[in-house]
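Residue numbers (full-length UniProt numbering): 1 to 352. Here a beta-carbon is modelled for each residue, glycine too, at the ideal position from N, C-alpha and C. In what follows, a single structure is set out as structure tokens and then discussed.
So, in structure tokens, the structure goes:
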């Protein structure tokens with residue numbers, strides 16, 4: 001089975017699902033039942049410092065949300081997020097001189113903890129803006145992951161500064177869910193139905209010193225993060241970058257020579273490098289189109305012709321044939337199953 005998004009590679013620290021089980025226990029349920037319902041060994045999270053796959057983490061979160069009857073568990077998890085849950089990366093962040101250094105460091109090493117949500121950082125007037133964009137479709141679990149990460153970034157900022165951040169603001173690009181009222185009083189200003197998912201922080205906070213700043217500890221933790229980043233492998237980074245470039249060109253029908261120019265190499269060199277990694281250019285284009293298609297399927301304001309156009313298909317019939325090849329379903333059938341909740345929430349990418 002192809003695994004272009006590393007869904008079956010053990011990259012998530014067990015500290016992440018342990019936070020989820022902590023919530024389950026506090027709500028009066030047996031955490032072991034979550035693992036049983038998810039079809040996972042009941043002792044799989046007991047070894048500190050170990051890792052699980054993103055697919056297993058998804059199975060755990062879905063089972064937990066269903067057991068406690070709260071689809072807003074991602075917000076709760078985010079509110080409990082502590083930098084120490086990230087291992088050496090967390091210690092590196094805590095020992096930075098100020099919040100600016102910590103934010104930039106987290107962006108640099110984000111891939112050693114998760115490779116599924118892309119983050120960017122910029123200054124807009126008197127606000128610092130962190131934008132979150134998923135790299136592939138999360139399907140019905142999207143709210144959990146986007147809320148968990150964005151709220152987790154907000155909570156980590158509070159932790160690092162050892163202070164409240166009353167001027168922070170969160171944006172989400174979907175309507176306000178029913179479960180949000182339960183958490184409103186514990187969050188900063190939140191706006192739904194916005195163009196993108198973002199966290200806004202006052203620029204004035206960026207140069208505030210951190211309470212645990214320690215240059216020596218910072219160097220040691222960063223060195224360990226560098227080793228972890230290197231171990232991920234150059235091929236992962238390169239393929240991710242190629243997929244990202246393809247995604248930007250979808251409406252214009254991605255061309256090998258155009259994508260190659262993004263990396264200042266010839267089309268022939270790009271083709272050879274992809275072959276060395278066991279991929280073809282058209283194969284990557286299909287993967288990116290399929291993931292984008294699944295994301296767009298969740299947006300009921302778009303009809304199938306709109307989706308086909310975004311993906312670079314002038315003829316919807318060609319899109320239908322391609323989607324059937326990727327998923328085994330016609331787009332209309334897939335969308336109906338997706339919106340009805342009939343597609344397995346833990347299956348981020350179908351075997352095809």
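Report task. Look up residue 347 in the DSSP assignment and say whether it is helix, strand or coil. Result -> Because residue 347 carries a pLDDT of 48, less than 50, the predicted location of this residue cannot be relied on, and the following value inherits that uncertainty. In this structure, residue 347 counts as coil in the three-state DSSP scheme.
Query raised in the report: Does DSSP classify residue 316 as helix, strand or coil?
Result: Helix.
Query raised in the report: Under 8 Å between C-beta atoms, does residue 168 make it to chain B?
Result: Looking for chain B here will not work: only one protein chain is present.
Query raised in the report: Which partner residues of residue 326 appear in the DSSP bridge assignment?
Result: Beta-bridge pairing links residue 326 to no other residue.
Query raised in the report: Measuring CB to CB, does residue 89 end up less than 8 Å from residue 113?
Result: yes
Query - Whole runs of the beta strand (DSSP E) within the segment 180-233, excluding any shorter than 3 residues - result: 189-191, 197-202
Report task. Could you check the C-alpha separation between residue 349 and residue 140 for me, to the nearest Å? Result -> The predicted position of residue 349 is uncertain, since its pLDDT is 42 and thus under 50; a value taken from the coordinates is nonetheless stated next. If I take the Cα positions, the gap works out to 12 Å.
Query raised in the report: residue 60 by DSSP, collapsed to three states: which one?
Result: helix
Query raised in the report: What is the residue span of the beta strand (DSSP E) that residue 121 lies within?
Result: 117-124
Query raised in the report: In three-state terms, what does DSSP make of residue 129?
Result: Correct three-state label for residue 129: strand.
Report task. Return yes when the Cβ of residue 68 is within less than 8 Å of the Cβ of residue 35, no when it is not. Result -> no
Requested in this report: For the segment 257-266 and the segment 147-156, state whether three or more C-beta atom pairs, one from each stretch, are separated by less than 8 Å.
Outcome: Judged by Cβ distances under 8 Å, the segment 257-266 makes no contact with the segment 147-156, as fewer than three pairs qualify.
Query raised in the report: Tell me, which residues are paired with residue 170 by DSSP?
Result: 190, 199
Query raised in the report: Curious, which full-length beta strand (DSSP E) runs of at least 3 residues does the segment 36-81 contain?
Result: DSSP runs (the beta strand (DSSP E)) wholly in the segment 36-81: none.
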